[in-house]
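*Asks:*
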Ligand SMILES: CC(C)(COP(=O)(O)OP(=O)(O)OC[C@H]1O[C@@H](n2cnc3c(N)ncnc32)[C@H](O)[C@@H]1OP(=O)(O)O)[C@@H](O)C(=O)NCCC(=O)NCCS
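In my numbering, the protein residues as written are -11 to 279.
1. If you follow the alpha helix (DSSP H) that residue 36 is in, where does it begin and where does it stop?
2. Whose beta carbon lies closer than 5 Å to any heavy atom of ligand 2, going through the chain in order?
3. Between residue 222 and residue 171, how many whole angstroms is the CB-CB distance? I'm expecting something under 8 Å.
4. What do you reckon, are the CB atoms on residue 46 and residue 267 nearer than 7 Å?
5. Rounded C-beta distance between residue 1 and residue 175? I'm assuming under 8 Å.
6. How long is the line joining the alpha carbons of residue 75 and residue 119, rounded to whole angstroms?
7. Pull up the distance between the alpha-carbon of residue 203 and that of residue 194, whole angstroms please.
8. Can you list the alpha helix (DSSP H) stretches of 4 or more residues lying completely in the stretch 173 to 251, in chain order?
9. Quick check on residue 322: buried or exposed, where buried means 16 or more other Cβ atoms within 10 Å of its Cβ?
10. Quick check: residue 150 and residue 230, are their CB atoms within less than 7 Å of each other?
11. Among 5, 216, 125, which has the Cα closest to the Cα of residue 159?
12. Is there a Cβ of chain D sitting closer than 7 Å to that of residue 272, yes or no?
13. Report all residues from its chain with a CB closer than 6 Å to the CB of residue 20; omit the five preceding and five following residues, and keep chain order.
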């Protein structure tokens, strides 16, 4: 049992190394090395994928750093789903599913960044109170959080968070930042974005993304790579674009296919499959460019 499983805190950014028992029936490999030879990269991806298939896993996801000339070589040969520029190289997601596409295909057309103003009647906050537990649990239950996990996160007080409160100071929208040391880079994933049903459609999600990206800019030190994986079924990727984040789509469409399961939106048509595919969604990777 990992430390996070003991505390009930749900983590999205993952840990380093190969994990064939990752959430949502996935094999996940976070490998912080730079590939400068396409043969090495193809070899490592194919052996990882073969082992994942042998173990009967639903999805294999390999995240590593790739040099630009190698990106050009593997184009069309390896299933690159997303790639974020990091100095002259690319943090690259290579992924494949053992089943046909199931998630509802969302609109890829972008929206323009816009001036974001917190509407009147809302308060921006970067700190939690003990009394937030119930409200945060009601926002994050959909991501697999337990009430105890939320309480442990509040008590620990170490997770950077943005909260939008209503006039009665209830937390009605929130998002957190998680970090992972990835070689000599720090990855900062903005995640667990949720807005209460009664407050949706006022652009609060974009304010959360912008404010949390700013808030964490200096928090982790150095120049972190700040990104999010945004649920396309709920239009979260459009909120990120409005907040000025850039799609990681230089070598593909930047979409992680059938990546994660969340009980939101209409749900998928279920076809014959050994895995639970009803709530799988496509996620678009978007990152924070330099301001
Ligand atoms: C995704 C989510 C955070 C967006 O929050 P939001 O503050 O409503 O975001 P926005 O105001 O930017 O609006 C999002 C879209 O919903 C539309 N919308 C308008 N009124 C709405 C309403 N009453 N209810 C829901 N959506 C509405 C907006 O027009 C916008 O659509 P568009 O991009 O086609 O223009 C929110 O829907 C949510 O919590 N969803 C469930 C959890 C989730 O999917 N989180 C994202 C994880 S990556």
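For every residue, glycine included, the Cβ atom is placed at its ideal position computed from N, Cα and C.
*Replies:* Here's the rundown:
1. Run containing residue 36: 26 to 42, per the alpha helix (DSSP H) assignment.
2. Judged by which ligands are present, ligand 2 is missing from the structure shown, whose ligands are ligand 1.
3. Actually they are not in contact, since the Cβ atoms of residue 222 and residue 171 sit about 32 Å apart, beyond 8 Å.
4. It is not a contact, given that the beta carbons lie outside the stated cut-off.
5. Contact flag correct, Cβ pair sits at about 6 Å.
6. Spanning the alpha carbons of residue 75 and residue 119 requires a straight line of approximately 42 Å.
7. Rounded to whole angstroms, residue 203 to residue 194 spans 14 Å at the Cα level.
8. Counting only runs of 4 or more, we get 192 to 204, 224 to 230.
9. Residue 322 cannot be examined here, being either before or after the span of the chain that is shown, -11 to 279.
10. Contact: no.
11. Closest by alpha carbon: 125.
12. This model lacks chain D altogether; it includes just one protein chain.
13. For residue 20, where only same-chain residues beyond five positions count, the Cβ hits under 6 Å are 170, 171.
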